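Heads up, the thing below is written out as structure tokens.
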């Protein structure tokens with residue numbers, strides 16, 4: 700990568716990378732589009748309409764906050780991979796990915812949630828940045844300390860600490876994250892820099908998690924005794 704053009708390359712490529720990150724959690728606000736007041740979730744958030752595994756199978760509510768957290772999961776996966784870029788370039792990629800998130804979040808506030816006041820949007824953007832820093836720390840800790848810690852971080856952030864959250868869905872997200880980290884690790888920097896990446900289907904992880912859960916329910920059998928040594 701040529702250092703002279705790196706910021707420009709990073710800006711364009713991370714725009715495409717961000718779109719891949721934001722796609723899974725996308726939702727619409729049909730009532731707002733029709734000029735009506737939006738429906739509200741139990742937490743008082745604007746309630747949208749979403750489709751796909753995250754909403755239909757994992758049971759998440761299509762709101763701005765949910766979109767942000769699903770997007771953070773994918774941004775985190777990319778961030779881990781971008782850390783492997785040459786040190787003199789990596790910061791451009793990290794910053795541009797975050798900038799594209801901020802632009803998209805503010806646009807969503809205006810177009811889907813009618814937040815016209817810039818001061819209010821700026822406050823929300825600051826809160827989102829704090830959330831992102833917290834997500835980075837929590838998921839990093841999970842990668843270091845193991846699946847149980849990562850699952851707790853996913854439950855607290857993506858599932859908002861909901862005691863009624865589907866444990867299998869939480870486990871599927873953990874499995875999904877680890878699979879995509881492995882996949883991203885296998886591809887060359889130039890492929891990342893092209894901006895053309897695809898995340899796997901989280902529904903496939905459900906089968907893996909279910910198979911492992913069923914295996915854990917099987918009765919243990921005694922292994923062949925080891926011959927004693929004199």
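Numbering (our numbering), first residue to last: 700 to 929. All C-beta atoms in this analysis are idealised placements derived from N, C-alpha and C, irrespective of residue type, glycine included. Model, not experiment: these values are computed from the prediction.
Residue j beta carbon less than 8 Å from that of residue i
i, j, result
"residue 745", "residue 737", "yes"
"residue 811", "residue 748", "no"
"residue 716", "residue 776", "no"
"residue 780", "residue 883", "yes"
"residue 879", "residue 858", "no"
"residue 850", "residue 712", "no"
"residue 720", "residue 808", "no"
Assigned exposure category for residue i - 16 Cβ within 10 Å defines buried
i, result
"residue 783", "exposed"
"residue 917", "Unreliable placement is indicated for residue 917, whose pLDDT of 45 sits below 50; the coordinate value is still reported in the next sentence. Exposed, by the Cβ-count rule."
"residue 852", "buried"
"residue 770", "buried"
"residue 901", "buried"
Assigned secondary structure, residue i (DSSP; H/G/I helix, E/B strand, else coil)
i, result
"residue 857", "coil"
"residue 711", "helix"
"residue 827", "helix"
"residue 705", "helix"
"residue 749", "strand"
"residue 759", "coil"
"residue 803", "helix"
"residue 895", "coil"
"residue 798", "helix"
Limits of the unbroken alpha helix (DSSP H) element including residue i
i, result
"residue 783", "Residue 783 -> no alpha helix (DSSP H), and no H or E assigned at all."
"residue 879", "866-885"
"residue 892", "888-892"
"residue 732", "729-732"
Counterpart residues of residue i in DSSP-defined beta bridges
i, result
"residue 739", "745"
"residue 726", "749"
Proximity test, Cβ basis, 8 Å: residue i and chain B
i, result
"residue 882", "The displayed structure is made up of one protein chain only, and chain B is not part of it."
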